[in-house]
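Below is one structure; the comments refer to it alone.
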Amino acid sequence: MKKWMIISAISLVLIGIGLSVYAYSIIRAPLNERLASAEASVLASEELESITDISYYHGQSSFFVAKGFDADGDAAIAWLLEDGEEPVQVLKESEGISEEEAVAITESAVNTETIQSVKLGMENNTALYEIKYLTDSDHQGYYYLTFSDGSFIKRYSLRTD
Numbered sequence: 001m002k003k004w005m006i007i008s009a010i011s012l013v014l015i016g017i018g019l020s021v022y023a024y025s026i027i028r029a030p031l032n033e034r035l036a037s038a039e040a041s042v043l044a045s046e047e048l049e050s051i052t053d054i055s056y057y058h059g060q061s062s063f064f065v066a067k068g069f070d071a072d073g074d075a076a077i078a079w080l081l082e083d084g085e086e087p088v089q090v091l092k093e094s095e096g097i098s099e100e101e102a103v104a105i106t107e108s109a110v111n112t113e114t115i116q117s118v119k120l121g122m123e124n125n126t127a128l129y130e131i132k133y134l135t136d137s138d139h140q141g142y143y144y145l146t147f148s149d150g151s152f153i154k155r156y157s158l159r160t161d
């Protein structure tokens with residue numbers, strides 16, 4: 001009887017894990033399709049020759065941000081509106097600050113405990129970094145600075161309790 005209960009419990013846990021993984025993949029499928037479509041659009045525009053990473057940014061408008069290499073072999077970044085077919089802006093990585101510099105600027109300006117993520121995005125035709133962080137007092141914070149020179153744009157924080 002005890003053995004039967006243990007086998008049943010393990011089976012239920014495995015079924016639960018399987019259903020969770022399946023649900024997650026179903027939920028992510030549309031975003032993955034849009035990421036693939038955005039990658040194809042950027043490559044078709046010939047702004048980038050190859051793409052090494054593509055991500056999604058949702059701000060005032062939604063953008064796909066593709067990192068890769070241009071025809072000269074230089075590292076470059078393309079910002080594509082979610083519903084657009086041509087990149088809005090393409091900049092060489094050397095034209096802006098690095099992720100490490102963006103994090104350093106944020107850490108010197110705000111009391112951060114943990115940096116959770118660093119994303120490239122765009123608002124008002126300005127390429128930017130969105131730094132997501134946790135503070136010592138358990139507030140979720142967002143710090144925005146320009147890609148070009150790290151100038152402050154805005155910041156806000158949310159209580160996590």
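The opening residue of the sequence shown carries number 1 in full-length UniProt numbering; numbering runs sequentially from there.
Beta carbons: idealized from backbone N, C-alpha and C, even for Gly.
Should residue i go down as buried or exposed, given a rule of 16 or more other Cβ atoms within 10 Å for buried?
i: lysine 119; result: buried
i: isoleucine 77; result: buried
i: isoleucine 15; result: exposed
i: isoleucine 97; result: buried
i: tryptophan 4; result: exposed
i: valine 13; result: exposed
Looking only at its chain, what residues have a beta carbon closer than 6 Å to the beta carbon of residue i, apart from the 5 residues adjacent to it on each side?
i: threonine 114; result: Leu134
i: arginine 34; result: none
i: serine 157; result: His139, Gly141
i: serine 148; result: Gly96
Expressed to the nearest angstrom, what Euclidean distance is found between the alpha-carbon atoms of residue i and residue j?
i: threonine 52; j: aspartate 70; result: 11 Å
i: threonine 146; j: glutamate 107; result: 15 Å
i: tyrosine 22; j: tyrosine 56; result: 22 Å
i: lysine 67; j: glycine 84; result: 17 Å
i: alanine 127; j: threonine 160; result: 28 Å
i: phenylalanine 64; j: serine 137; result: 32 Å
i: asparagine 32; j: lysine 2; result: 44 Å
i: isoleucine 26; j: methionine 122; result: 28 Å
i: phenylalanine 152; j: isoleucine 105; result: 9 Å
i: isoleucine 10; j: isoleucine 17; result: 11 Å
i: arginine 28; j: glycine 59; result: 19 Å
i: glutamate 100; j: glutamine 116; result: 13 Å
i: aspartate 72; j: tyrosine 24; result: 39 Å
i: glutamate 93; j: threonine 112; result: 26 Å
i: serine 20; j: proline 30; result: 17 Å
i: aspartate 74; j: serine 8; result: 57 Å
For residue i, collect the residues of the same chain with a Cβ closer than 8 Å to its Cβ; drop the 5 residues on either side in sequence, then sort them by chain order.
i: residue 165; result: Absent from the model: residue 165. The displayed extent of the chain is 1 to 161, so no value can be given.
i: serine 61; result: Leu81, Glu82, Met122, Glu123
i: valine 90; result: Glu47, Leu48, Asp70, Ala76, Ile77, Ala78, Trp79
i: isoleucine 6; result: none
i: asparagine 125; result: Val88, Gln89
Using the DSSP secondary-structure output, state which residues sit across from residue i in a beta bridge.
i: phenylalanine 69; result: Ser50, Ala75
i: leucine 81; result: Phe63
i: glycine 141; result: Tyr133, Ser157
i: isoleucine 115; result: Tyr133
Ignore the nearest five residues each way along the sequence and tell me which others in residue i's own chain have a CB closer than 7 Å to its CB.
i: glutamate 39; result: Ile51, Ile54, Ala66
i: alanine 102; result: Val118, Tyr129, Ile131, Leu145, Gly150
i: valine 42; result: Leu48, Ile51, Ala66, Ala78, Leu80, Pro87
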